[in-house]
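These notes are about the structure you will find just below.
There are 2 protein chains.
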Amino acid sequence: MVVKSQIKFIKSLQQKKCRIQNGMFVAEGIKIVQELLNSNIKAHRIYCTDLEILDDITDNVQQVSESDLKKMSSLKTPSAILGVFYIPKQGEIDCTDWVVALDDIRDPGNLGTIIRLCDWFGIHSLVCSPYTVDCYNPKVLQATMGSIARINIVYTDISDFIKRSKMPVYGAFMDGLNIYSENLQKKGILIMGNEAKGISQELEVVTDKKVSIPQFGANSTESLNVASATAIILNEIRRR
Amino acid sequence: MVVKSQIKFIKSLQQKKCRIQNGMFVAEGIKIVQELLNSNIKAHRIYCTDLEILDDITDNVQQVSESDLKKMSSLKTPSAILGVFYIPKQGEIDCTDWVVALDDIRDPGNLGTIIRLCDWFGIHSLVCSPYTVDCYNPKVLQATMGSIARINIVYTDISDFIKRSKMPVYGAFMDGLNIYSENLQKKGILIMGNEAKGISQELEVVTDKKVSIPQFGANSTESLNVASATAIILNEIRRR
Numbered sequence: 513m514v515v516k517s518q519i520k521f522i523k524s525l526q527q528k529k530c531r532i533q534n535g536m537f538v539a540e541g542i543k544i545v546q547e548l549l550n551s552n553i554k555a556h557r558i559y560c561t562d563l564e565i566l567d568d569i570t571d572n573v574q575q576v577s578e579s580d581l582k583k584m585s586s587l588k589t590p591s592a593i594l595g596v597f598y599i600p601k602q603g604e605i606d607c608t609d610w611v612v613a614l615d616d617i618r619d620p621g622n623l624g625t626i627i628r629l630c631d632w633f634g635i636h637s638l639v640c641s642p643y644t645v646d647c648y649n650p651k652v653l654q655a656t657m658g659s660i661a662r663i664n665i666v667y668t669d670i671s672d673f674i675k676r677s678k679m680p681v682y683g684a685f686m687d688g689l690n691i692y693s694e695n696l697q698k699k700g701i702l703i704m705g706n707e708a709k710g711i712s713q714e715l716e717v718v719t720d721k722k723v724s725i726p727q728f729g730a731n732s733t734e735s736l737n738v739a740s741a742t743a744i745i746l747n748e749i750r751r752r
Numbered sequence: 513m514v515v516k517s518q519i520k521f522i523k524s525l526q527q528k529k530c531r532i533q534n535g536m537f538v539a540e541g542i543k544i545v546q547e548l549l550n551s552n553i554k555a556h557r558i559y560c561t562d563l564e565i566l567d568d569i570t571d572n573v574q575q576v577s578e579s580d581l582k583k584m585s586s587l588k589t590p591s592a593i594l595g596v597f598y599i600p601k602q603g604e605i606d607c608t609d610w611v612v613a614l615d616d617i618r619d620p621g622n623l624g625t626i627i628r629l630c631d632w633f634g635i636h637s638l639v640c641s642p643y644t645v646d647c648y649n650p651k652v653l654q655a656t657m658g659s660i661a662r663i664n665i666v667y668t669d670i671s672d673f674i675k676r677s678k679m680p681v682y683g684a685f686m687d688g689l690n691i692y693s694e695n696l697q698k699k700g701i702l703i704m705g706n707e708a709k710g711i712s713q714e715l716e717v718v719t720d721k722k723v724s725i726p727q728f729g730a731n732s733t734e735s736l737n738v739a740s741a742t743a744i745i746l747n748e749i750r751r752r
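Going down the list, the protein sequences come from chains E and B.
For the first sequence, position 204 (counting from the first letter as 1) is numbered 716 according to this note's numbering, and the numbering increases by one without interruption.
For the second sequence, position 163 (counting from the first letter as 1) is numbered 675 according to this note's numbering, and the numbering increases by one without interruption.
Right, dumping it as C-alpha cells:
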C-alpha cells in the first residue's frame, strides 16, 4: 500500500525546486535504477511491481501495484520500477584528465546524451554552468541510460573553474581551427556552447584554442547538434 | 481567415496515415520552411503571422492570426510560420559515395539528428528500412533543422538495396573491428541498427565488415546512442 502523500511527494520531485528542497531525485526503469543501486549514490526508497527484477532486496524496497506505480511515474508507459535517490554531493573535479564544460545546455536530451558520451570516453568530470538544465530532470536521466551513476557532475561558474584549474581551454566554434590537424594536449577543458547561441563571450575570451569540425556538405548546412559535436570531438581527443 | 476544414486538414497531417493519403507534410518554423522553399520540394500552402519574415511572397502564402496558427500547430509554442509541402518522390540512391542505411530507427530525435549529420558530412542518400520512423513526422523535422531539404531519403528493403548496389557493406556492432585502425573504402554502405536491438540478423549476414567505436570508460557502460555513433563513424569516414 502506498499512501497518497508518498505519491504526491514523488510527483513533486519532477520539479527542480522540489528536488533541491528535498535533496532527492527520481529514476525510472530497471537499467538506471540498478546502475544507481550499484553506485555510490544512496537510495531513499525503491518501488517495484515485481521484486524479482532486482539483484538484491534491501529494507527500502517496497512492492507496489501497477496502478500505484503509474500514479508516481512521469512516463506515459511506466516501467516496473521507480527509485527515489539522494542527490550526491558534487565531487572534486578531476584535473588529471580532460574535463567537459557545458555553457548553458538547455535541452534535456542533449545533456543526457553528453553524460552518456562522457561515460563511454572515460571522462570523469562534467562541469555545467548554473543555467544548464538540471541533470536530475527525468528526461535527462532517461537519456543517460544509467551513465549518470558514473560521472561526477558539478554545477559551477565555468570561468571561475577555468581560472582555478590552470588547464588549457578548448572551445567548439563554427570558425575554429580544423580539429583533425590540431595538436591536442594530454589534458584540457573542452567547452561546448548553448544550442542556439554557442559559447558565451565571457567564456570565449578565456578560450586558448577554438576548434571546429570540418564540414563536407553544402554551405547552407545548419551547424551540428551539440551532442553530435561533443561525440566527434571526444572521439578526436581519445583516438590519438 | 482560415476555415475550420483547413485547420482540421493540417492537424490531420500530424499522422503518418494522413500524410501518405494526401502526399503532404507540415513543417513549422522559419528556418525549416525557408530551407524547404529554397529546395526542390514543392510548397502547397504557407501560413504565417507576419509576411515580412519570408524572402519571397508567392501566391500560396497566406497571412493568418496568431490564434489560427496556434490551432494548426503541433507545437506548444508555435512559431510565426507553418508550411504544407508535397512529399517529394524518392530519388535514385547515389551509389558513387557512401550511403547510410538505417535498420529500424524508432526515435524521431535520432532520425532527425542523423539526417542533419548526413547533411554536414555531405552524404546525399539515406536509406531507411520500412519500419524506421517516418521522416515527415513533426519531431523528426524539428530535429533536422532544415537539413531534410537536402538529403534524398529512400524507404526500402535494405537487403534488396545491398544486393542491387554491389557496394561494400559496413555495419556498426558492439563487437566489431576497431574503426580507428580499419581501412575504409572510398564508398560503401554504413548500416546503423535499432536503438534496442542493434542490426537485425538478416542484415548482419550481408555485412562485409563489422566495425566498432573503442570504449574508454568502465566496462559497465551502456552502448553509445545511435545518433552519437553515427556522428563518430561518419567523422571517421570523412577525416581520412
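All residues carry an ideal CB built from backbone N, CA and C; glycine is no exception.
These numbers come from a predicted model, not from an experiment.
Report yes or no: do three or more beta-carbon pairs, one from the segment 696-709 of chain B and one from the segment 655-669 of chain B, lie closer than 8 Å? no
Among E:Tyr648, E:Asn572, E:Phe728 and E:Ser591, nearest to Phe633 (chain B) - alpha-carbon criterion: Indexing the second sequence from 1 puts residue 633 (chain B) at position 121. Looking at the Cα atoms, E:Phe728 is the closest of the given residues.
Could you check what DSSP says for Val738 (chain E) in three-state terms: helix, strand or coil? Taking the first sequence and counting its residues from 1, the one referred to as residue 738 (chain E) is at position 226. Val738 (chain E) falls in the helix class under three-state DSSP.
Closer than 6 Å by C-beta to Asp580 (chain E): which residues in its own chain qualify, once you throw out the five before and the five after it? Chain order, please. Locating residue 580 (chain E) in the first sequence gives position 68, counting from the first residue. Here the set comprises Val514.
Where Asp631 (chain E) falls: helix, strand or coil (DSSP): Counted from its first residue, the first sequence places residue 631 (chain E) at position 119. Three-state result, Asp631 (chain E): helix.
Using 8 Å for Cβ pairs, my map puts Ser591 (chain E) next to Glu540 (chain E). What's the rounded Cβ distance? Taking the first residue of the first sequence as 1, we reach residue 591 (chain E) at position 79. Taking the first residue of the first sequence as 1, we reach residue 540 (chain E) at position 28. Contact holds; Cβ gap of about 6 Å.
Nearest to Gln602 (chain E) (by Cα), restricted to the options E:Val639, E:Lys583 and E:Gln575: The count along the first sequence starts at 1 and reaches residue 602 (chain E) at position 90. Taking only the C-alpha atoms, the option nearest Gln602 (chain E) is E:Val639.
Determine, using beta carbons only, whether Gly688 (chain E) and Ala655 (chain E) come nearer to each other than 8 Å. Position 176 of the first sequence, counted from the first residue, corresponds to residue 688 (chain E). Position 143 of the first sequence, counted from the first residue, corresponds to residue 655 (chain E). Not in contact: Gly688 (chain E) and Ala655 (chain E) (Cβ atoms no closer than 8 Å).
What residues in its chain sit with their C-beta under 6 Å from that of Gly683 (chain E), if we drop five residues either side in the sequence? The residue given as residue 683 (chain E) occupies position 171 in the first sequence. Taken in chain order, the residues that qualify are Ile703, Ile711, Thr719 and Lys722.
Opening and closing residue of the beta strand (DSSP E) in which Ile519 (chain E) lies: In the first sequence, residue 519 (chain E) corresponds to position 7, counting from 1. Taken as a continuous stretch (DSSP letters only), Ile519 (chain E) belongs to no beta strand (DSSP E), being part of the alpha helix (DSSP H) at Lys516 to Ser524.
How many whole angstroms separate the CB atoms of Asp606 (chain B) and Ser641 (chain B), which I take to be in contact at a CB cut-off of 8 Å? The residue given as residue 606 (chain B) occupies position 94 in the second sequence. The residue given as residue 641 (chain B) occupies position 129 in the second sequence. Not confirmed; about 19 Å, so no contact.
Quick check on the burial criterion: 16 or more other C-beta atoms within 10 angstroms. Buried or exposed for Pro726 (chain E)? In the first sequence, residue 726 (chain E) corresponds to position 214, counting from 1. Exposed: under 16 other Cβ atoms inside 10 Å.
On a CA-only basis, which of E:Ile565, E:Ile674, E:Asp562 and E:Val596 is nearest Leu614 (chain E)? Give me that one, please. On the first sequence, residue 614 (chain E) is found 102 positions in, with the first residue counted as 1. If we check each option's Cα against that of Leu614 (chain E), E:Ile674 comes out closest.
Gln727 (chain E) at chain B interface by Cβ criterion, 8 Å: For the purposes of this step, residue 727 (chain E) is taken as the residue at position 215 of the first sequence. Judged by the 8 Å Cβ criterion, Gln727 (chain E) is in contact with chain B.
Give a yes or no on whether the minimum CB-CB distance between Leu736 (chain E) and chain B is below 8 Å. For the purposes of this step, residue 736 (chain E) is taken as the residue at position 224 of the first sequence. By this cut-off, Leu736 (chain E) is an interface position.
Of the choices B:Gln533, B:Cys647, B:Phe597 and B:Ser524, whose alpha-carbon is the least far from that of Ser551 (chain B)? Reading the second sequence from its first residue, position 39 is the one you call residue 551 (chain B). Ser551 (chain B) has its Cα closest to that of B:Phe597, out of B:Gln533, B:Cys647, B:Phe597 and B:Ser524.
Considering Asp672 (chain E), what are the terminal residues of the alpha helix (DSSP H) in which it resides? Position 160 of the first sequence, counted from the first residue, corresponds to residue 672 (chain E). First-last of the alpha helix (DSSP H) with Asp672 (chain E): Ile670 to Ser677.
Straight-line CA distance for Lys543 (chain E) to Ile665 (chain E)? The residue you call residue 543 (chain E) lines up with position 31 of the first sequence. The residue you call residue 665 (chain E) lines up with position 153 of the first sequence. Taking the straight line from one Cα to the other gives about 20 Å.
Would you mind telling me which residues of chain E sit closer than 8 Å to Ile744 (chain B), beta carbon to beta carbon, in chain order? To locate residue 744 (chain B), count along the second sequence from 1; it is residue 232. Going along chain E in sequence order, the residues near Ile744 (chain B) (Cβ under 8 Å) are Ala743, Ile744 and Asn747.
State the Cα-Cα distance for the pair Lys651 (chain E) and Asp571 (chain B), rounded to the nearest angstrom. The residue you call residue 651 (chain E) lines up with position 139 of the first sequence. The residue you call residue 571 (chain B) lines up with position 59 of the second sequence. So the two alpha carbons sit approximately 42 Å from each other.
Does DSSP classify Val652 (chain E) as helix, strand or coil? The residue labelled residue 652 (chain E) in the question sits at position 140 within the first sequence. Helix at Val652 (chain E).
Interface residues of chain E around Gly700 (chain B) at Cβ under 7 Å? Position 188 of the second sequence holds residue 700 (chain B). Neighbours of Gly700 (chain B) on chain E: none; closest Cβ ~16 Å, over 7 Å.
Can you tell which of B:Gly595, B:Arg751, B:Lys709 and B:Val612 has the C-alpha that lies nearest to the C-alpha of Asn690 (chain E)? Start at 1 with the first residue of the first sequence, and residue 690 (chain E) comes out as number 178. For the residues B:Gly595, B:Arg751, B:Lys709 and B:Val612, the minimum Cα distance to Asn690 (chain E) belongs to B:Arg751.
Taking a Cβ distance cut-off of 8 Å, strictly less, list which residues of the segment 673-705 of chain B are near chain E, in chain order. Tyr692
How far does the alpha helix (DSSP H) with Asn690 (chain B) in it extend, from its first residue to its last? As a working mapping, residue 690 (chain B) is identified with position 178 in the second sequence. Counting along the chain, Asn690 (chain B) falls outside any alpha helix (DSSP H), though it belongs to the beta strand (DSSP E) covering Val681 to Asn690.
Near-chain E residues of the segment 625-657 of chain B (beta-carbon distance less than 7 Å), N- to C-terminal order: Thr625, Arg628, Leu629, Asp631, Trp632, Phe633, Gly634 and Met657
Close beta carbons around Ile565 (chain B), own chain, < 8 Å, minus the five adjacent residues each side: For the purposes of this step, residue 565 (chain B) is taken as the residue at position 53 of the second sequence. These residues qualify, in order along the chain: Ile542, Ala592 and Ile593.
Are the CB atoms of Lys528 (chain E) and Asp616 (chain E) within a distance shorter than 8 Å? Numbered from its first residue, the first sequence carries residue 616 (chain E) at position 104. Numbered from its first residue, the first sequence carries residue 528 (chain E) at position 16. Not in contact: Asp616 (chain E) and Lys528 (chain E) (Cβ atoms no closer than 8 Å).
Hey, quick one: how far does the alpha helix (DSSP H) through Arg618 (chain E) stretch, first residue to last? The residue labelled residue 618 (chain E) in the question sits at position 106 within the first sequence. Looking at the DSSP string, Arg618 (chain E) is not in any alpha helix (DSSP H), and its letter there is neither H nor E.
Give the DSSP-derived three-state secondary structure of Asn695 (chain E) in the structure shown. Residue 695 (chain E) sits at position 183 when you count from the first residue of the first sequence. Three-state result, Asn695 (chain E): coil.
Nonlocal neighbours in the same chain, by C-beta distance under 7 Å from Leu549 (chain B), ignoring five residues either side: Start at 1 with the first residue of the second sequence, and residue 549 (chain B) comes out as number 37. Excluding residues within five positions, the ones whose Cβ falls inside 7 Å are Ala555.
Partner residues on chain E for Ser712 (chain B), Cβ-Cβ distance less than 9 Å: Residue 712 (chain B) sits at position 200 when you count from the first residue of the second sequence. Correct list: empty, because the minimum Cβ distance to chain E is about 21 Å.
Cα-Cα separation between Asp562 (chain E) and Met536 (chain E), rounded to whole angstroms: Residue mapping note: residue 562 (chain E) aligns to position 50 of the first sequence, counting from 1. Residue mapping note: residue 536 (chain E) aligns to position 24 of the first sequence, counting from 1. Between Asp562 (chain E) and Met536 (chain E), the C-alpha separation is close to 23 Å.
Interface residues of chain E around Ser724 (chain B) at Cβ under 9 Å? Working through the second sequence from its first residue, we reach residue 724 (chain B) at position 212. Result: empty, since nearest Cβ-Cβ is about 12 Å, beyond 9 Å.
Nearest candidate by alpha-carbon position, reference Phe521 (chain B), set B:Asp631, B:Ser586 and B:Asp568: The residue you call residue 521 (chain B) lines up with position 9 of the second sequence. The residue with the shortest Cα to Cα distance from Phe521 (chain B) is B:Ser586.
Per DSSP, the bridge partner or partners of Tyr643 (chain B): Working through the second sequence from its first residue, we reach residue 643 (chain B) at position 131. DSSP output for Tyr643 (chain B) lists no bridge partner at all.
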